[in-house]
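Undergrad: Here's a structure for you.
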Amino acid sequence: LQQINGADYFIFGHMMFDNIQTFANQIYIDTGSPNSGRLSFYKIK
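Numbering (our numbering), first residue to last: 649 to 693.
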């Protein structure tokens, strides 16, 4: 995926992955808690 302009990072849900995924400046945090039972968190500094 290509970098998105307008902010340093963009954080997304509603697109399930087995683990938190990072592509360019995009972070996908949905690990499918209703199905997997795992709830993910991402610490922003």
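Note that the Cβ used here is the ideal one computed from N, Cα and C, for glycine as well.
Predicted model, so just to flag it, every value in this text is computed and none were measured.
Measuring only the C-alpha atoms, how far is Lys693 from Asn673?
TA: The sequence position of residue 693 within the sequence shown is 45, counting from 1. The sequence position of residue 673 within the sequence shown is 25, counting from 1. Straight-line Cα distance between these residues: approximately 15 Å.
Undergrad: Within 10 angstroms of the Cβ of Tyr676, are there 16 or more other Cβ atoms? Answer buried if so, exposed if not.
TA: Residue numbering aside, residue 676 sits at position 28 when the sequence shown is read from its first letter. Label assigned to Tyr676: buried.
Undergrad: Between Gln650 and Phe671, what straight-line distance do the alpha-carbon atoms span, to the nearest angstrom?
TA: Here residue 650 refers to the residue found at position 2 when the sequence shown is read from its first residue. Here residue 671 refers to the residue found at position 23 when the sequence shown is read from its first residue. Rounded to the nearest angstrom, the two C-alpha atoms are 8 Å apart.
Undergrad: On the premise that Ser688 lies in contact with Ile668, defined as a C-beta separation below 8 Å, what is that separation, rounded to the nearest angstrom?
TA: Taking the sequence shown and counting its residues from 1, the one referred to as residue 668 is at position 20. Taking the sequence shown and counting its residues from 1, the one referred to as residue 688 is at position 40. So it is a contact: roughly 6 Å between Cβ atoms.
Undergrad: For Met663, which residues from the same chain have a beta carbon less than 7 Å from its beta carbon, with the 5 sequence-adjacent residues on both sides left out?
TA: By one-based count along the sequence shown, residue 663 stands at place 15. Cβ within range, chain order: Tyr676 and Asp678.
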